Amino acid sequence: MDALTICADAGRHTGQQRQAPDCLFLKLQAAGGKTMNSTLAEYGICDVPEIDAETKPGPPKARLLSELVHPQHDKSPDELLRHRFLRRGGGALLCGPTGIGKSSFAIQCAICWALGKDCFGIQAARPLKSLLIQAENDDGDLAEMRDGVIEGLGLIGNEAKAACANLLVVREDSRTGFDFFLSVVKPLLSEHRPRPSVD
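With the numbering used here applied, the sequence shown corresponds to residues 833 to 1031, in that order.
Structure follows, in structure tokens:
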């Protein structure tokens, strides 16, 4: 895998500085000229291991296909979405062009999974608490999506209340990148402990 050095002004750097093959993000330079190490230190994160540019990982170990073991997915406490669709510590991206319905889809999934129900054939392992961090839609847009999903699913009374009680919404449109994760995502995840985090 080739790693990149990301710079505030890539035009002033040599090709070797812009692309650092056979190493892992030796220097991440954010806007304003800060390196990743100085940014980590600023936030008090000290447990990130140093990476030696000369150290290359050994080749991966090959195994026979017959050595692989089929997982016991029904009993795992780490399974969030069945069957092995998403596990604790994993991640999922919801990508698509503007206006295709990513936000509505995310809200519908989160509402269904809050009740432990399937959504578009994807099963929740149990009722899940989700956190939606939204930058594009305002509160009115989100309320319309919520009401449309609740009406479309035919949720009433306590079921609708339970679904909404397990879905937290935050609007943030000013921070991005590493600052977004440290200043927004990390504190929210620590405070609310959602499973999974929906973005």
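Beta carbons: idealized from backbone N, C-alpha and C, even for Gly.
Keep in mind it's a predicted model, so treat the numbers as computed, not measured.
Task: Start-to-end residues for the alpha helix (DSSP H) that takes in Leu974 - done: Its alpha helix (DSSP H) spans residues 971–985.
Open item on the list: Using only CA atoms, which one of Gly931, Leu912, Thr930, Gly933 lies nearest to Gly923?
Closed with: Considering only Gly931, Leu912, Thr930, Gly933, the residue with the shortest C-alpha distance to Gly923 is Leu912.
Task: In DSSP terms, what Leu911 is bridged to - done: The sequence shown places Glu at residue 911, rather than the Leu named in the question. According to DSSP, Glu911 bridges with Arg919.
- [ ] Thinking His1024 and Leu963 are a contact (beta carbons under 8 Å), I'd like their distance in whole angstroms, please.
- [x] That belief holds up - the Cβ atoms of His1024 and Leu963 are roughly 6 Å apart, short of 8 Å.
TODO: Give the DSSP-derived three-state secondary structure of Val901 in the structure shown.
DONE: It is coil, neither helix nor strand.
Task: Simplified DSSP assignment, three categories, for Ala956 - done: Note: Ala956 maps to strand in three-state DSSP.
Open item on the list: Going by beta-carbon coordinates alone, are Lys934 and Leu947 separated by less than 8 Å?
Closed with: Here Lys934 is not near Leu947, since their CB atoms are 8 Å or more apart.
TODO: Would you mind giving the Cβ-Cβ distance between Asp1005 and Ala967, rounded to the nearest angstrom? I have them listed as a contact below 8 Å.
DONE: Confirmed, about 4 Å.
- [ ] Report the three-state DSSP secondary structure of Ile939 (helix, strand or coil).
- [x] In the structure shown, Ile939 falls within a helical segment according to DSSP collapsed to helix, strand and coil.
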